[in-house]
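Since the structure comes first, as structure tokens, the remarks are kept for the end.
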Amino acid sequence: MPLSQTSSLLAIYPHITSRDRLLLQLLDDHRVLTTGQIHRMLFSARRTCQLRLAELAALGLLERFRFSRGGGGSQPWHWTLGHHGHRFQAAAHQRPEPTARASNQTVQRLSANPHLAHLVLTNEFFVRLAGYARRHDDARLDRWWSEQVTTKQYRTITADGHGLWTANGVTVGFFLEADTGSEPLGRLVAKLDRYAKLIRRGGPRYPVLFWLGSQQREEHLHRLLHGQHTTVGVATAIHASEPADAVWLARGATGRVPLAGLPSDHGQPVADNPNYDDHGVFVL
């Protein structure tokens, strides 16, 4: 039975599992995930995932929304923190407790955000890496930072996300630029100036990954990159590919390599972040 907006969080605790807490943290960090994304990261059976999400929604820990598709049918459910989820995370991180009105406004603004599709796409990239790591013992998503955390840590850049990926004992860092096709490619190339500035300041020399919607757009971007003089490493792949696999085409290269095969220089460590462990690593 759904709890009231003013129910004590203590009454919910017996219903919250360690997996639930991880999901609440993921949604606190990354704002929204679809049913399929949550399933691939945290559950083995899709039906079990669907039932558990419904239970968490009944407890007020989660909220969900979805829109109709242009050609008929509906988009997948999008999940975000409900009021009690916001309260729980605020208590966990010693933040002021939100009001029910504030929590409701957060959900409404997220659902109506014109950049929602871009946010879901960005999260999809990291979800695929996390899902790959679940299936391969020698792979691990060590860090998944949102645009907000990445900007706070590095200041100079405005990447869509930042991560550390380990495969076969090799750890690489990267910055992600998830492309929905709404921006001219020239504007994407212009973003490299900010990454070059970060390198000049002594920051990490991580490759910038352009994740593109089509092979045609990828080819066009490489034509624009040809002859560009920059200290920034660039690699491209398309949305249909598995980002952990040998799908990355570096600027000027003729063959594709896996994500762990891209050159990466970690530079100076970033500042501590309270949402991650003592090593600055978020582990699924």
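Quick note on numbering that gives the first Met the number 0: the sequence shown kicks off at 0 and runs consecutively. Where a beta carbon is used, it is the ideal one built from N, C-alpha and C, also for glycine.
What would DSSP say about residue i, mapped onto helix, strand or coil?
i	result
aspartate 192	helix
histidine 225	coil
serine 17	helix
histidine 29	helix
leucine 55	helix
arginine 108	helix
threonine 79	strand
Relative to the C-alpha of residue i, which residue among the options is closest?
i	options	result
glycine 232	Pro13, Gln152, Pro262	Pro262
histidine 92	Leu23, Leu224, Glu218	Leu23
phenylalanine 64	Leu197, Arg30, Pro95, Val171	Arg30
leucine 21	Gln88, Ala195, Gly69	Gln88
arginine 108	Leu80, Ala138, Ala243, Pro242	Leu80
glycine 260	Leu118, Ser17, Thr235, Val169	Val169
leucine 258	Ser213, Phe173, Gln214, Lys196	Phe173
Give the range of the beta strand (DSSP E) segment to which residue i is assigned.
i	result
valine 207	207–211
arginine 139	138–144
leucine 175	169–177
threonine 165	160–166
Does the distance from the CB of residue i to the CB of residue j come in under 9 Å?
i	j	result
alanine 158	valine 126	no
threonine 34	tryptophan 76	yes
arginine 216	aspartate 178	yes
histidine 135	alanine 239	no
alanine 245	phenylalanine 209	no
lysine 190	glutamate 176	yes
Since residue i is in the alpha helix (DSSP H), which residue starts that stretch and which ends it?
i	result
isoleucine 237	First-last for isoleucine 237: 233–237, but that is the beta strand (DSSP E), not the alpha helix (DSSP H).
valine 256	Here valine 256 belongs to no alpha helix (DSSP H), and DSSP marks it neither H nor E.
valine 126	115–134
glutamate 62	Note, glutamate 62: premise wrong, no alpha helix (DSSP H); beta strand (DSSP E) at 61–64.
histidine 82	82–91
Short of 6 Å in beta carbon distance, which residues of its chain neighbour residue i, apart from the five on each side in sequence? Order them along the chain.
i	result
arginine 204	Ile198, Asp264
Leaving out the 5 sequence neighbours to the left and right, which residues in its chain are closer than 8 Å to residue i when beta-carbon positions are compared?
i	result
leucine 184	Arg216, His219, Leu220, Leu223
Here's a check: name, in chain order, each residue in its chain whose Cβ is nearer than 7 Å to the Cβ of residue i, leaving out the five neighbours to either side.
i	result
glutamine 36	Asn122, Glu123, Val126
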